[in-house]
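Inspection log for the structure reproduced underneath, given as structure tokens.
There are 2 protein chains.
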Amino acid sequence: MAHGAGGTATRRLVEGLIAPSVGVPLDEPLGDAAFVHVGDETLALTADSFVVRPLTFPGGSIGDLAVNGTVNDLAVSGARPQALLVTLIIEAGLDAEALAAEVRAIGAAASRAGVVVLGGDTKVVERGKADGLFVTTAGMGRRDPRLQLSAETVCPGDRVILSGPIGDHGITILLARGDLDLAADLRSDTRSVWPFIDALASNVGSSIRWMRDPTRGGVGTVLNELAREAGWSIAIDEERVPLRDEVRGACELLGLDPLHIANEGQFLAIVAPEAAESAVETLRSIPGGEQAAIVGEVRADRTSLVTVESGYGGSRIVDMLVGDPLPRIC
Amino acid sequence: MAHGAGGTATRRLVEGLIAPSVGVPLDEPLGDAAFVHVGDETLALTADSFVVRPLTFPGGSIGDLAVNGTVNDLAVSGARPQALLVTLIIEAGLDAEALAAEVRAIGAAASRAGVVVLGGDTKVVERGKADGLFVTTAGMGRRDPRLQLSAETVCPGDRVILSGPIGDHGITILLARGDLDLAADLRSDTRSVWPFIDALASNVGSSIRWMRDPTRGGVGTVLNELAREAGWSIAIDEERVPLRDEVRGACELLGLDPLHIANEGQFLAIVAPEAAESAVETLRSIPGGEQAAIVGEVRADRTSLVTVESGYGGSRIVDMLVGDPLPRIC
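One line per chain: the protein sequences are A and B, in this order. All residue numbers for the first sequence refer to the numbering used here, where the first residue is 1 and numbers rise by one. All residue numbers for the second sequence refer to the numbering used here, where the first residue is 1001 and numbers rise by one.
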């Protein structure tokens, strides 16, 4: 299960087996989308499978995730999301209304995100050979010329910006499974982040170095990947990381680090120091971005460590996610 | 299960629920790929999920199918296949060597088909929540300017060309499951059909009206879809349809119509009568195309029926596949 969690085991699987065997070039960093030049345009292409359990949860469903997850992979790659292909693997016996609801959710989420569904495929497998519904989305976007993103351009002093509170999605899913005797007024944060990125691109586009959505593995894993790619260390100020009390409480109870919990509608941006305040103001001016914050900075330290500094003057190292505390989160 | 078989139930599901809900325009026929204009280029995009059981079988495996199936959907749409995205849904406990073998199969099939794998995704679900491995491929190709394909251009008198023997894939899978006490020296026909289509485009490109690969639902279903879209009837000469003795025998024993059995490495082309012989010669000149044949013609009859004429002067109507005689064939 750990191989699916988005942390170190996933990375070993992808870098050690999959990428070399299928011929994906590993001299380029593994980003959320691949770029292809077509005439004068640069297209971004990406695909993800979604296996979240349960199929529906407060704030969304597998159909919403499948659309928004792929839309967001395009958006954080600096591409305006445009079109999707959707394939469904359906377990025989899935309630017809549940299927209809997910298909409608896909249509509605695509419409909200401003992307068209071009087509897709459906397969059905016997009862007990899948788990209700798996959805795969492939997305196409056009690279936005206002954004030139690369981990190589990240410099010491750059600020780490987070678009909003972390862990809502992961903890919502955990609670929705009902395995724990816990309840909280919490919803998945699933949404398209393109409106935020579009506004950043307009206001401070040339000052944005890099972006990523911290889904599986959470903020901690994604910042470790960045630190490794950029060759610098990153320091996070724990008190500035937006975190709802419900998520903090659930994590404390379960011994989980909120920095390893999956998000679906948030993103991290590395921004040049002089533009950081303006970037946060831009995000806060958009509904749903009120809690955007500068949460840390890039340090002139070649150890590529991610450290979290607490309010009491202490500091701890946050590693990539190891193992899988919350399987099938997306 | 019938909803996944590619026949009438699949069509009702897609046309009745999925396409309207997600906003796919149904005034255009449902083709194997969608086209998107980017600058001066027209790109073809397509995606399919593969759930074949067992994962490996004589002549191929799920990895081969996933690459060739998507490559062929691009090819028969008149687009040169160029790039793939691949996502894997892995059941926890899948043998590591089986996974490695499929990843290598994907890489090798992509290399043979001349397409690059740009990236993808892996998800893992608990044991018993999938069936070993499901693979989804999304593909991108560039529309080939030598080919202008549309069911609307099909005219009475046009010839129906088939690239090779039918039913090899479906019957191979059926036998590989071992449920029947039958053995035959048969292999899946999985392969890229692009080399054949590339040669046709060079030699008789402007005479090709329409193409399709008869996968789920077989030749009978695909020709019924064409007859409906084109508004003409189609007559097939049963004696001219290439069919191996092993496939014929298995179908007779099991009461299956070879015209409803899935193929993976064959395609149908509708060709103007004056170019039909030349098209067949072109196909036969390429290794693996030796059994290509003219198998029927389009008739000036507005009933949109597909009929099969036997050697004894009789004729029968072949409908779209109803139900699912062979589930999880691809």
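The C-beta atom is built at its ideal place from N, Cα and C for all residues, glycine as well. These figures come from a predicted structure and were not determined experimentally.
Using a Cβ-Cβ cut-off of 7 angstroms, state whether residue i counts as contacting chain A.
{"i": "R1080/B", "result": "no"}
{"i": "I1329/B", "result": "no"}
{"i": "M1001/B", "result": "yes"}
{"i": "L1174/B", "result": "no"}
{"i": "T1008/B", "result": "no"}
{"i": "T1042/B", "result": "no"}
{"i": "T1070/B", "result": "no"}
{"i": "G1141/B", "result": "no"}
{"i": "A1292/B", "result": "no"}
{"i": "A1113/B", "result": "no"}
{"i": "G1060/B", "result": "no"}
Regarding residue i and the ligand NAP, is the C-beta to nearest heavy atom distance less than 6 angstroms?
{"i": "G6/A", "result": "Looking at this structure, you won't find the ligand NAP or any other ligand, since it has none at all."}
With a cut-off of 7 angstroms, does the C-beta of residue i fall near any C-beta of chain B?
{"i": "S21/A", "result": "yes"}
{"i": "R104/A", "result": "yes"}
{"i": "S49/A", "result": "yes"}
{"i": "I89/A", "result": "yes"}
{"i": "A66/A", "result": "no"}
{"i": "G63/A", "result": "no"}
{"i": "A276/A", "result": "no"}
{"i": "H138/A", "result": "Residue identity check: residue 138/A is Ala in the sequence provided, not His. True, the Cβ-Cβ gap to chain B drops below 7 angstroms."}
If the cut is a Cβ gap below 7 angstroms, which residues of chain A does residue i touch?
{"i": "D1144/B", "result": "Within chain A, no residue comes near D1144/B; the closest Cβ sits about 15 angstroms away, beyond 7 angstroms."}
{"i": "L1017/B", "result": "A100 and V103"}
{"i": "G1107/B", "result": "S21, V22 and G23"}
Residues of chain B with a CB under 8 angstroms from the CB of residue i: which are they?
{"i": "L149/A", "result": "Going along chain B, no residue has its Cβ under 8 angstroms from L149/A, so there is no contact; the nearest lies around 16 angstroms."}
Can you list the residues of chain B that residue i reaches, using a CB-CB cut of under 7 angstroms?
{"i": "L321/A", "result": "Within 7 angstroms Cβ-Cβ: nothing; L321/A doesn't reach chain B, min ~14 angstroms."}
{"i": "L13/A", "result": "T1122"}
{"i": "A272/A", "result": "Near A272/A there are no residues of chain B at all, since even the closest Cβ is about 28 angstroms away, more than 7 angstroms."}
Taking C-beta pairs closer than 9 angstroms, name the residues in chain A that residue i reaches, listed in chain order.
{"i": "A1083/B", "result": "A34, V36 and L45"}
{"i": "A1092/B", "result": "M1, H3, G4 and P327"}
{"i": "G1039/B", "result": "V38, G39, D40 and E41"}
Residue i by DSSP, collapsed to three states: which one?
{"i": "E1015/B", "result": "helix"}
{"i": "V1022/B", "result": "helix"}
{"i": "I1329/B", "result": "coil"}
{"i": "G1310/B", "result": "According to the sequence provided, residue 1310/B is Ser. The question's Gly does not apply to it. In this structure, S1310/B counts as coil in the three-state DSSP scheme."}
{"i": "R127/A", "result": "coil"}
{"i": "G170/A", "result": "helix"}
{"i": "R994/B", "result": "Residue numbering for chain B in the displayed model covers 1001 to 1330; residue 994/B lies beyond these limits and cannot be assessed."}
{"i": "R1316/B", "result": "strand"}
{"i": "A1005/B", "result": "coil"}
{"i": "S233/A", "result": "strand"}
{"i": "R146/A", "result": "coil"}
Mind listing the chain B neighbours of residue i? Cutoff is C-beta to C-beta under 9 angstroms, in chain order.
{"i": "G313/A", "result": "Within chain B, no residue comes near G313/A; the closest Cβ sits about 40 angstroms away, beyond 9 angstroms."}
{"i": "V86/A", "result": "I1018, V1022 and A1047"}
{"i": "A110/A", "result": "V1022 and G1023"}
Check: Of all the residues that make up the segment 1251-1267 of chain B, which are near chain A by a beta-carbon distance shorter than 9 angstroms?
Finding: Residues of the segment 1251-1267 of chain B with a C-beta less than 9 angstroms from any C-beta of chain A: none at all.
Checklist line | Ordered list of beta strand (DSSP E) runs contained in the segment 175-225 of chain A, each at least 3 residues | finding: Positions of the beta strand (DSSP E) runs, each at least 3 residues long and wholly inside the segment 175-225 of chain A, are given as 208-212 in order along the chain.
Notebook entry, point to check: Given a limit of 9 angstroms on CB to CB distance, which residues of the segment 1175-1194 of chain B reach chain A?
Noted result: Listed in sequence order: no entries.
Checklist line | Segments of 4+ residues assigned as alpha helix (DSSP H) that fall wholly inside the segment 1026-1106 of chain B | finding: List check, alpha helix (DSSP H) in window: 1062-1076.
Next item on the list: Note down, in chain order, all residues in the segment 209-239 of chain A with a beta-carbon under 7 angstroms from any beta-carbon belonging to chain B.
Entry: Residues: none.
Check: Name the residues in the segment 1116-1136 of chain B whose C-beta lies less than 8 angstroms from a C-beta of chain A; which are they?
Finding: Here the close residues are V1116, V1117, L1118, G1119, G1120, D1121, T1122, K1123, V1124, V1125, E1126, G1128, K1129, A1130, D1131, F1134 and T1136.
Item checked: Unbroken stretches of the alpha helix (DSSP H), 4 residues or longer, contained in the segment 235-306 of chain A -> Here the runs fully enclosed are 245-254 and 273-284.
Check: Along the segment 1150-1169 of chain B, what residues have a CB closer than 7 angstroms to any CB found in chain A?
Finding: Cβ contacts with chain A: none found.
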